[in-house]
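Below is one structure; the comments refer to it alone.
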Amino acid sequence: MSSMREAAPLPSPPPRERRWLPVFAISAVVLAMVSGGHLAADALGRARGSSVAVSTSVEVTPLPGWELGERFADPPGIRLTKGGANLDVITLPFAGGDVDLLAEYVDQVLEPDAEQLQISEAEPVTLASGLSGSRISYVGLFGDVQAPVEGEVTAIVSPSETGVLFDGWSPTGQLRFTLDEIDAMIASTVIA
Amino acid sequence: MASAPVVRPPRRGWGRRTSLFQWRQPAFWLYAVIVCITGVYAIGQQQIFRELSPSGWALSWGLLLLYGLPVFLAIYLLDLYEREPMSLLVGALVWGAVAATVLSGIANEGWGLVVAELGGPVFAAEWTAALTAPMVEETLKGVGVILIYLIARDEMDDVMDGFVYGAMIGLGFTLVEDVFYFIAIFGGTTGGVLAGFYVRVISSGVYGHVLYTGLTGIGIAYFVSRRQEVSLGRRVAVAAGLFAAAVGAHFLWNSPWLNYFPTTVDSLGDWLRIPLGAAIKGVPLLILVVVLVRLAHRRERMWLEAALHSETDTPALRAAELRVLLDPGARRRSRRRMRARAGVSAERLLKRLQREQVNLAMMRTMAHGDDTPDVVRQRALCKSLRDGLLAIPGAAPAGAEPAP
Chain A
64 MSSMREAAPL PSPPPRERRW LPVFAISAVV LAMVSGGHLA ADALGRARGS
114 SVAVSTSVEV TPLPGWELGE RFADPPGIRL TKGGANLDVI TLPFAGGDVD
164 LLAEYVDQVL EPDAEQLQIS EAEPVTLASG LSGSRISYVG LFGDVQAPVE
214 GEVTAIVSPS ETGVLFDGWS PTGQLRFTLD EIDAMIASTV IA
Chain B
566 MASAPVVRPP RRGWGRRTSL FQWRQPAFWL YAVIVCITGV YAIGQQQIFR
616 ELSPSGWALS WGLLLLYGLP VFLAIYLLDL YEREPMSLLV GALVWGAVAA
666 TVLSGIANEG WGLVVAELGG PVFAAEWTAA LTAPMVEETL KGVGVILIYL
716 IARDEMDDVM DGFVYGAMIG LGFTLVEDVF YFIAIFGGTT GGVLAGFYVR
766 VISSGVYGHV LYTGLTGIGI AYFVSRRQEV SLGRRVAVAA GLFAAAVGAH
816 FLWNSPWLNY FPTTVDSLGD WLRIPLGAAI KGVPLLILVV VLVRLAHRRE
866 RMWLEAALHS ETDTPALRAA ELRVLLDPGA RRRSRRRMRA RAGVSAERLL
916 KRLQREQVNL AMMRTMAHGD DTPDVVRQRA LCKSLRDGLL AIPGAAPAGA
966 EPAP
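In order, the protein sequence lines correspond to chains A and B. With my numbering as the guide, the letters of the first sequence map in order to residues 64 to 255. With my numbering as the guide, the letters of the second sequence map in order to residues 566 to 969.
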């Protein structure tokens, strides 16, 4: 017994290697980092109930009755809705003028997706901030929806080369009920 | 025997080789899942860039390979005595290029909206890049360093290893980010891509993500490799401090502070102001990282010396050889002299001898005794290499003294 008590103590076992805990922790950090901003921005937008950030440099203030229906990722954008009326606001870096931006939107977005597309001549517009842009009206059949859609596209390019496209649209015949509100929201949009 | 004092014991685990593909490690599977998912998005983004400007896209990658390959080699060769496994280095590069860029893109957008909601668009336009990207990107790149550690814990046994893996992640990140800038911001034309290359690579390529994530990697490696020597509090403080330094340097780079870049580029003077403006923001961090890397090199040298201390003046290693082995510059000079005296084959043999002597040090740190079969075999290999070297006419004066 005595010799056993005097024997050298056993070496301590090697530290247990945790394999799952760090993986869960890393997953949580990645999730929080990637989705936290979007969740916080939505929560802030709802709490403030006023303006909606489209991107870091564009902010739209929905009028009463208009709701944030959807967010687009690439390029960043939002869709505000009120009944059958919609206002899509898309922002992207753009080095050209507002007429070029408008033409690209027609060529790359409207025409590929539309049948029997009719487009008006472009006319100039000016926002409350003093920024100027161009606007067209259109009507056509889009995608699988057989009812014709009418809309109004406004293109603005800020001096810092932020391009903003406003596409207000609704089934034919309904746009006139909300067009004033759409134009008012476009006019009051803040573009840095 | 060598008379140099041995100040530190050889580090444990030095010289082990682990690959990226650790099928039993949950961390490997997390790494693989994230890289696969983000890889689909990253490929789609590159396809869009290629469609937007096929020649600009090809030129971007061509120029960036010219920059990336030497930087990859420089980082790889920084670890003078124990080069990291290639699969882990490539894994780190892929994490930076694919996972970190895609996840950061999504996260930056979300946190940018928070800044815009809180500060308004005018404030956000000026400050979002500084307030979101540093924390988001350094965290997501740092996660890559931690995953590499969890996949191959034995490989991160000193701060230099952390720097190497972090810098590789930073290099991958910067390559993909630069392609984005060349196409989406600089326009994707030949002139735009060349202008982007001048601004982002020639003028400021040495200050960016490679240094930030290298610094974060040093902190993580310090935390995990100094358990036996340093208290938990100090390890946390050093790791957190270096991460904060990386975030702070990135913040300064993105912020309007100390911004001496020209607002428009109209003349030669404006072009010359770009590298000057970059140096004002980037040089302090570069100096900090150079100092830390030199300290890490000194520590690695001490480890090598300690591991080979008892091997000096044996058939495997002469005292004069150890002095040469400890100085990478002297190693290169000795090989050049050998080639001048005895030809290329003698130079190659000397290089092999030096590499096997470093391997002997690694085996000593792994072995549980002085005369394990592996160590004995390695000593014999070193002796036979020296014998072969001395047999080449003209090699003897520079090789070593004759073996006893």
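All C-beta atoms, glycine included, are put in the ideal place defined by N, C-alpha and C. As the structure is a computational prediction, the values presented were derived from the model and not from experiment.
- Identification of residues in the segment 664-675 of chain B having a C-beta nearer than 7 Å to some C-beta of chain A yields Leu668, Ile671, Ala672, Glu674, Gly675, given in sequence order.
- Assignment of alpha helix (DSSP H) within the segment 663-748 of chain B, counting only whole runs of 4 or more residues, yields 666-696, 698-716, 724-745 in chain order.
- In this structure, B:Arg929 is the residue among B:Arg929, B:Leu628, B:Ile957 with its C-alpha nearest to the C-alpha of B:Arg944.
- At a beta-carbon threshold of 9 Å, the residues of chain B lying near A:Leu107 are Leu678, Val679, Glu682, Leu683, ordered along the chain.
- At a cut-off of 8 Å, the C-beta of B:Ala956 has no neighbouring C-beta in chain A.
- At a C-beta separation below 8 Å, A:Val92 has these neighbours in chain B: Thr704, Val708.
- Between the alpha carbons of B:Arg615 and B:Asp939 lies a gap of roughly 53 Å.
- For B:Leu882, the closest of B:Arg863, B:Leu851, B:Arg866, B:Arg951 by C-alpha to C-alpha distance is B:Arg951.
- Taken through DSSP and simplified to helix, strand or coil, A:Ser118 comes out as strand.
- The beta carbon of A:Glu130 is closer than 8 Å to those of Leu143, Thr144, Lys145 in its chain, skipping five residues each way along the sequence.
- Residues of the segment 777-796 of chain B whose Cβ lies closer than 9 Å to any Cβ of chain A, in chain order: Arg792.
- In this structure, the alpha-carbon of A:Val152 lies about 20 Å from that of A:Gly206.
- If only complete runs of 4 or more residues are kept, the segment 887-968 of chain B shows the alpha helix (DSSP H) at 893-907, 909-931, 938-955, 961-964, in order along the chain.
- Taking a beta-carbon distance threshold of 8 Å, B:Leu712 counts as an interface residue toward chain A.
- Of all residues in the segment 155-186 of chain A, only Pro156, Ala158 come within less than 8 Å of chain B when Cβ atoms are compared, listed by chain position.
- Of all residues in the segment 691-703 of chain B, those with a C-beta nearer than 7 Å to a C-beta of chain A are Thr693, Val701, reading in chain order.
- The beta carbon of B:Trp594 is closer than 7 Å to none in its chain, skipping five residues each way along the sequence.
- For A:Asn149, DSSP records a beta bridge to A:Thr144, A:Trp232.
- Within its own chain, the residues whose Cβ lies closer than 6 Å to the Cβ of B:Ala657, once the five positions on either side in sequence are excluded, are Ile713, Tyr730, Met733, Ile734, listed in chain order.
- In the structure shown, the three-state DSSP call for B:Glu647 is coil.
- Judged by DSSP in its simplified three-state form, B:Tyr825 adopts coil rather than helix or strand.
- The residue from B:Ser618, B:Gly684, B:Thr697 with its alpha-carbon nearest to that of B:Val758 is B:Ser618.
- B:Val803 carries a helical assignment under DSSP once its states are collapsed to helix, strand and coil.
- Non-local C-beta neighbours of B:Phe788 in its own chain, meaning closer than 6 Å and more than five positions away in sequence, comprise Arg800, Ala804, ordered along the chain.
- With contacts defined by Cβ atoms closer than 8 Å, B:Ser790 and B:Asp722 form a contacting pair.
- B:Ala695 and B:Phe816 do touch by the CB rule: their CB atoms are close to 5 Å apart, below 8 Å.
- A Cβ-Cβ contact shorter than 8 Å links A:Gly100 with B:Ala672.
- The Cβ-Cβ distance between B:Val764 and B:Ile839 falls below 8 Å.
- Within 10 angstroms of the beta-carbon of B:Leu823 lie fewer than 16 other beta-carbons, which makes it exposed.
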